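At position 180 of the sequence shown the residue is numbered 180 (the numbering used here), and the sequence of numbers has no breaks. The structure under discussion appears below in the form of C-alpha cells.
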Amino acid sequence: MDTPEQAALRETVRDFCRKHAGPQAWARLTGELGLTGLAIPECHGGADAGLAEVAVAVEETGRVLLPAPYLSTALAGAVLSEGEAVLGAGEAAEFLPGIASGALRAAFVLGGSVTAADGRLTGVAHHVLDGAEADLFVVRARDGGQDALFAVRAADAVVTPAGTLDQTRSQATVEFRDSPAAAAGCPAARAEDLLRVMLAVESAGAAAHCLDVTVDYLKTRVQFGRPLGAFQALRHRCADLAVEVTSARATAYAAVRAAGSPAELAVLGPLAKRHCVDVFWHVAAETIQLHGGIGFTWEHEAHRYLKRAKTSQLLHGNPVELRRLVSERAGLG
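What follows is the structure in C-alpha cells.
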C-alpha cells in the first residue's frame, strides 16, 4: 500500500509516462520531475527519499517500457548514496550531483571478469544493461580476494554497443584497461540484489500493463455479435492472469521492504526477480494470444513486452540460476 506521498508520486509519474514516453523523455524526467535523484541526499541535489520511492517510479516507467536508462541510473544514485554513508565523503560521492540532475546516466557492471589493483580496473563484461548509453559504470571487481564496488567514468572504458532482442533498452560490452576507479562503498552482492529487486518491480508494472490492455481489448472487440470478454473461457484466462499479476506485485514490494535487512534481501532479491519476470513472460505471451491476429503484428506493442520479458529473464541470473541461489541462501540446498 502506497503512502499518500508515494501515491502522489505514482500519479505524477504515470501521467508523465502517458504523455512523454518517447525517446526525448529523459530531459523532462530528470529536469522537471527529478526522478533520478529520488534516493540521493538533498546536499547532492536529490530528494532524500528512499528505495520505496525509486520502486514506485521504476514500476510506472516499466509499464510503458520507457526507452531511457532510468532504472539503472536511479538505482546507481541509491547505491552510491549508501556507499557515501559508509565511506564518508569518498571519491564516488562526486558523481551524485550529476546523477541527480540527469547529466550522468549510469549502468551496472556486475558480471564478467574484472579485477582491481591500486584503484584501477582491468577486465571485460558482456550484456551490460543500459551500457551503451551510460556515462558512468558501477562495477563489481575482484580486489584482494574479495568483491568490491567501484565507480568508473564511461570515458575511461571501451564501450561496444551490443545487439539485443529488446530494442527498447540498450546493452553493451564494456572493457576496462587499467581504468581509474573510485571506491563505491556499498557491498557488491547487495548492489546486485537491489538491481534484481528493481527488475522485479519493473516486470510487475509491465505485466500489469499487459493485462490492462488485454482486458480493454476483450471488452471492445466484438465477435459473433458479442464482446470477446463475454466468453467465459477468455474471462477465466484473464482471471488467472490477474492472480499472477497481483502475486508478482506483492512479491516485488516485499523485496523492496526487505532492503533494510541483508539476510532477507539476500533471499527475496533473487526470488522476486525470478517470480516477477516469469509472470511477466507468461502475461506478455498471453497478451499476444488473447489479442488474436493483431497481437502478432509488428505494429502492435505486444511484441515489445514479450522481448523485454525474455531479456529480463536472462539478465543477472536466469530462472535456473536464481532458483539455485535462493535455495543456497535460504539454507534449503
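No residue lacks a Cβ here, since even glycine has one placed at the ideal position from N, Cα and C. Given the structure is predicted, the values throughout are model-derived calculations rather than measurements.
What does the Cβ neighbour count give for residue i, buried or exposed, with the cut at 16 atoms within 10 Å?
i      : result
Asp216 : exposed
Glu59  : buried
Met1   : exposed
Gly331 : exposed
Trp26  : buried
Trp298 : exposed
Lys273 : buried
His4   : Strictly speaking, residue 4 in this sequence is Pro, with His absent from that position. It counts as exposed.
Asp130 : buried
Asp118 : exposed
Glu32  : exposed
Ser113 : exposed
Pro187 : buried
Thr30  : buried
Glu11  : exposed
Is residue i helix, strand or coil by DSSP?
i      : result
Ala103 : coil
His337 : Limits of the chain in this structure are 1 at one end and 333 at the other, which puts residue 337 out of reach.
Thr297 : coil
Pro180 : strand
Val174 : strand
Thr160 : strand
Val197 : helix
Leu75  : helix
Leu306 : helix
Ala25  : helix
Asp135 : coil
Arg142 : strand
Leu121 : strand
Ala330 : coil
Leu110 : coil
Ala68  : coil
Arg323 : helix
Thr115 : strand
Arg169 : coil
Taking the C-alpha atoms as reference points, what is the distance between residue i and residue j?
i      : j      : result
Gln171 : Gln223 : 42 angstroms
Gln232 : Thr164 : 38 angstroms
His236 : Val243 : 11 angstroms
Phe263 : Val197 : First, the residue type needs correcting, since residue 263 is Ala and not Phe in the sequence shown. Distance between the alpha carbons of Ala263 and Val197 is about 14 angstroms.
His316 : Ala200 : 11 angstroms
Leu322 : Gly225 : 47 angstroms
Gly229 : Thr287 : 14 angstroms
His303 : Ser261 : 37 angstroms
Leu265 : Val79  : 14 angstroms
Gly34  : Ala49  : 12 angstroms
Cys43  : Ala21  : 29 angstroms
Ala250 : Cys276 : 9 angstroms
Leu218 : Val54  : 33 angstroms
Ala106 : Ala74  : 8 angstroms
Gly295 : Leu104 : 37 angstroms
Ala255 : Leu194 : 9 angstroms
Ala183 : Cys17  : 34 angstroms
Ala7   : Asp147 : 37 angstroms
Ser81  : Ser72  : 14 angstroms
Ile40  : Gly145 : 30 angstroms
Glu328 : Gln24  : 43 angstroms
Gly77  : Gly293 : 43 angstroms
If I measure Cβ to Cβ from residue i and keep anything under 8 angstroms in the same chain, skipping five residues before and after, which residues do I get?
i      : result
Ala337 : Since the first residue of the chain shown is 1 and the last is 333, residue 337 is not available in this structure.
Leu211 : Cys238, Leu241, Ala242, Val245, Val283 and Thr287
Apart from the five residues just before and just after residue i, which ones in its own chain have a Cβ nearer than 7 angstroms to its Cβ?
i      : result
Gly45  : Gly37, Pro97, Ala100 and Ser101
Pro161 : Ala132, Ser170 and Ala172
Pro319 : Arg274, Asp278 and Gln313
Asp166 : Lys307, Arg308 and Thr311
Ala154 : Ala134, Asp135, Leu136 and Phe137
Ser179 : Arg120, Leu121, Val152, Asp156 and Ala157
Near residue i, which residues of its chain fall below 6 angstroms by C-beta distance, leaving aside the five closest residues on each side in sequence?
i      : result
Leu325 : Pro270
Val158 : Glu175
Asp278 : none
Gly111 : Ala125
Arg221 : Leu228
Phe280 : Ser203, Ala206, Ala207 and Ala309
Glu301 : none
Thr214 : Thr287 and Leu290
Val109 : Ala125, Val128, Phe137, Val139 and Val174
Val13  : Ala57 and Glu60
Run through the region 212-293 for me and flag every whole alpha helix (DSSP H) of 4 or more residues, listed as ranges in chain order. 232-257 and 262-290
Report the start-end ranges of each alpha helix (DSSP H) in the region 35-66 that is 4 residues or longer and not cut off at the edges. 51-63
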